[in-house]
Every structure is written in C-alpha cells, then in structure tokens.
Amino acid sequence: MHKKFSFIILFIFLLGIFLPQSNSMAANKTITISTDAVNVRSGPGLSYPLIKQAKRGETYPIVKEKGDWIEIELSFAKTGWVVNWLVTKNDSKTAKITSTNRNTAAKAKTSQLRVRSGPGSNFQIIGFLNKGQEVSILDQNENWYKISSPFGEGWVSKEFLEIKTSNLENSTDSISKIGEIGTVKSSILNVRKEPTASSKLVGKLAKGTKVTILSKENIWVKVKYLNIIGWVSASYLDTQQRTTSETNNKMTTGIIGTVTAESLSVRARSSTKSEIIGTVSKNQSFTIIEEKNNWAKIEYKTGSFGWVAGWYLEKSAANTKENITNHQTAKETSGQAQIAAKDSITILQDGTNIRELPSTQSGVVHRANKGERFSVTGVKNDWYEIKLNNGKKAYVAGWLVSTSGSIPRIEKSGAEGYIKNKIIVIDPGHGGGDGGTIGASGTLEKNLTLRTAKLLYDKLKAAGAKVYLTRNNDSYISLQSRVSKAHAYNADAFISLHYDSNEDRSVRGSTGFYYHNYQKALAQQLYSSMIRKTNLNSRGVAIGNYHVIRENKQKAVLIELGFISNPEEEMTVKSSRFQENAASGIYDGLTKYFKEN
C-alpha cells in the first residue's frame, strides 16, 4: 500500500514537470505600457493593493489573463496585474515587421514626389523628392511610408516609392571603405547620437564639410568631425580616398553663421524669453558651436558664449585651408569663402500670392509660380519675410511653401489645428475569438475594422491628436473595456468601426449610429464626410442601441462601413483605395466637427 502511494506521488510530480504550461508565458508574449503610468496591483481588480507604477514604454512578459486584467512578470518569482486597455500586447510577428521596415532604404520613382506632414493627401506638402533620390523609411501603414528626408520626417504614398532590393552591404555602395573622407552634399546634414532618424541630434554639418568615416550600419554612417562623433545618412555623403596631402595640409572647421539682421540679440538660453547678454551686428561671422530648435550657440566675444536666432544667420561651410577666427567676416577670413545656399523657401503652387505685409488682407506685389525660390530674411507669425529679385522685402504665407536650411517650418493653420491635442479613442470592432460578421467570400469583419482603424490612427497622430486604439492586434476586448478606455482618457471622441451583413446579399451601403443626443452632431459630421469620400450608398444616421455608445459618457459614434455580405461591396471595402478613403473621410469629419464645436 505504501509503495503504491509513493508511485502515485511520483507520477503526479513527473506529470507536473512535463505537462505544457497553460498560460501565455509559454508563448513568450509580452505587453508594453502605452500610457505615462499604469498601476500594477497584487490581484485582478481595483480593490487589490498597489505594488508599483509601470512607465510608458516598459515591456513585461505575460503570465496569464483574467477578464480585463493581465498578470505580468515583474521580476523572478514576482508578478502583478494591470488592466488590459492601458497596455499594448506584443507578439513575435509584430516585432519582426517593425524591425524590418525601420531604416530601410528606398528611392523616389518619379520626379517632384510630394512629401506630406501626414499620411494623406489632405496633409500639408513639406517638400519634394527628385526621381531616384534616396530616403530612409521610418514606419509604414497600408498606403503610406513615413520617411526621413532632407526637410525632416514626412509621409510619401507607397505607390511612388521603391524599396531598394539590394542587400544591406550594398545599401551604402558610395561608402566603400572605413577611414575614407566623406563630403557633405546636402545644405545642412543632421548628425545623430544613434543610427536612427528619431535619435537625439548631436550637431549639424554644412554642405562641403569633410568628415572621417568610422563605420557603417545599413544606410547610416558613423563619422567624426573635430570633436563630434555621430551618425549621418549615407545618402548625403560623397566619398573620396584619403591622401597624404589631404591629411597633412587641410583642416576642417565648424559651420559658420553670418548675421543677416542689422542687430541681433545674444541670449543666455535658446529662447526669446531668455535674458539678453549681448548683441552682434550684420555681416559678423561666428563658428556655430551647437544648435537647438533653430537657435545657434556662438562665442560672441572671447570667452563669452550665448544663443542667437538661427533664422537670422546665413550658414556656410568654412574654408578648408584656414581656421576661422570669431568676429571676422567670411570675406576677411578668406577672400573667396565658399558660401552655402541661404535659408530659403520654395513655392509649391502656381499663382501663389506674395504680399506687401504679413496678412491676407495686404496687397499682392507678386504672383509666384511653382518652383520659384526666395531667400528668407525673417519670420513674422505664420509668414516668411522674403527678398524679391528686385531687392524689395515681401511676405508669403508659411503653409504655401517648402523650406530649406534651418528656418522653422510653419504648419498650415487649418485642418490639423482643430485636431491637435484632441483625445480620440478608435475602437476596431470585434477581435480575437470574436471575428464579427463573415463576408460573402469569407472576409472577417475583425480584420477590416483593424485596417481602417490603423489608417485613421496614423492620420490623427500626424495631426497632433492624442490617439488610442482599444486594440491594435487580433485580440479580444470586452465591450465594457472599450467603453472604460473612453472614460479613462476622457475622450473628446470615441469612434467604433464596424462592417455590416444581411441575409439579403443585395443590401448595400453604410449607416451611422449614436445613442445619446450629445453624440448626434459628431455622428452626423463623421458620417456625412465619410460618405462623400467613399461614395457608399447612404443609409443615414440613426439611434442605435449598442453597448459602446449607449454606456458611453463621452461623445461616441458607431459606423457601419458597408455590407460585406454583398459580394460586390465586399470587394470594394477590401481594397486599399476604399480603406484610405474611409479613414480620410472620418478624419475630415473630425476636423470639421472640432472646428464648429
């Protein structure tokens, strides 16, 4: 009897060792904190004691899930619980896609390719790419690439950008050997701490500056210039073999800034609110020590340092044969110093009005055409002060031009302005085990709603909104959790996205729903804008008894974006074109709503 009992105990012990784990740890899943701070509790409920606060961006392994709560591993043998709508679930597939896309090289397939401030044709044009010009891809969605360009980060339609298919070693063909000398070929080249466009700036180099190449990584090159070491994009460097004479006889110097204003204040810090500690005069030139937010740090007199507004400096590459001494003009330093292009603007559309004063009420003194370029002499609110060919001063609206050099870019005071800082929760319907309705050819509603939501998310994010998704992958989220997220963030708008079905396969069109009167205006505006963009058959806006709008204290709407039970409409809504138009229509509706309310 004793032996039999011992055998049973041993069997149970071995079974416990070899049985697979039932929780999520076996799948190596993790969560990432998606808000500034999330309370971690000892159990799955608000009544349990607080263990710690997790910070935005921190990642933890998932142990298991229970209702709206996720148990996470904090350290060895220590776990805690967080609510699921304040975190983002990760999986290996998502991580792989992200790392593959980031810093991939691509080139423009057409000339005058528009780069926009956000992923949509309704966003401001911030510049153009020439055919064959290389850029670095930072991110992407279904229809747009986010890129790093000479004029900052922007978005380009996928249709007109070609991914370089060569291997990583060939992606920097022009950078062939470590130890070569590289010459900056863009007007201003950012130097970053790490090989990524989102990394901190450690300096800027002017066109013509020579650097030593230390190493390379994908499309990035590590360079040394004087006492600065950092990473630059390989696309903006020309290389040449280092020769003995170059090494012995040439010295490189910093970016030189020449004052363009009659008198320019020197301040203690990089802000117009900072104390004035000195002044410099027109045509004085200084080596720029550091740049921050369009301000330049200079040694304005021996041993005294301060900050000046960068947009009142004409920048140039220093002469390579001599050291630059402060307080000398470029002419005094070298009879023929190489002057880089001035800070300038380029006209984006034919017939752009150039005005006498910085106001739309002021008289038009010139009509400029697309591609015309003017030197910038100052900034007045949302207007650039420019110099015409006849030498006279005039003004152009900042949102009608692209910029080059270090002048601040003026954002369009239009649609994006009404969205900025608004809190918007997007709810892609269904998810996980809840697939939603099934289309005529087997399309799952949950996949379509997530596609639309992600496109809308990117547009709103680019416009400066604070945007949250109730889910960003194929996971199940309860109806209560979806509503709770709107309440937790005190959302200005909650948008639940769905696709419809009917036993009658001929039924087609879209419907908008609200439940409370305070939600009606939002529903009507979003719905009408979406219909205009998509040309779906309009079935109107009505009261809908749906949990996510009925129980919602915020302004909330639910939109059915077409019948996937209709074979023809299913094909339409699955297309990238429709998805883009639907997201753009809802975005337009939000801008109009916030403009009027």
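So for the sequence shown, the UniProt record's numbering puts the first residue at 1; every next one is plus one. All residues carry an ideal CB built from backbone N, CA and C; glycine is no exception.
Rounded to whole angstroms, N502 and F563 show a C-alpha spacing of 7 angstroms.
Going by beta carbons, K207 and G257 fall outside the 7 angstroms limit. Of E290, F305 and S233, the smallest CA-CA separation from S265 is found for F305. Under the criterion of beta carbons closer than 8 angstroms, V191 and V232 qualify as touching, at roughly 6 angstroms. With respect to V365, A394 sits close: the two C-beta atoms are nearer than 7 angstroms. Per DSSP, reduced to three states, the secondary structure at D588 is helical. Assigned with DSSP and collapsed to three states, H547 falls in helix.
Residue burial is scored here from C-beta neighbours: Y593 has at least 16 other C-beta atoms within 10 angstroms and is therefore classed as buried. Taking C-beta separations shorter than 7 angstroms and ignoring five residues to either side along the sequence, the partners of A453 in its chain run I426, P428, L469 and L497, following chain order. Less than 7 angstroms divides the Cβ of N84 from the Cβ of I70. Per DSSP, the beta-bridge partners of F494 are V425 and A556. Pairing T534 with N566 gives a Cβ-Cβ distance that is not under 7 angstroms.
Note that the stretch 107-114 does not touch the stretch 508-520; fewer than 3 beta-carbon pairs, one per stretch, sit closer than 8 angstroms. Contact holds between the stretch 113-132 and the stretch 458-466, because three or more Cβ pairs, one in each stretch, are under 8 angstroms apart. Comparing C-alpha distances from F128 to each of N141, L138, E153 and N143 shows the shortest one belongs to E153. Apart from sequence neighbours up to five positions away, the residues of its chain that approach G310 with a beta-carbon distance below 6 angstroms are N294, W295, A296 and S406, ordered along the chain.
A check of alpha carbon separations from I549 across Q525, D500, R482 and M571 identifies R482 as the nearest. Its chain contains G436, E445 and K446 as the residues whose beta carbon lies nearer than 6 angstroms to that of H430, once the 5 sequence neighbours on both sides are disregarded; these appear in chain order. In the DSSP secondary-structure assignment, N39 is bridged to Q53. Between the alpha carbons of N597 and I477 lies a gap of roughly 31 angstroms.
Just so you know, the alpha carbons of G585 and N490 end up roughly 24 angstroms apart.
Looking from the CA of W81, the closest CA among D36, E569 and P44 belongs to P44.
At a Cβ-Cβ threshold of 7 angstroms, V40 and L86 do not count as neighbours. A direct Cα-Cα distance of roughly 16 angstroms separates I543 from L561.
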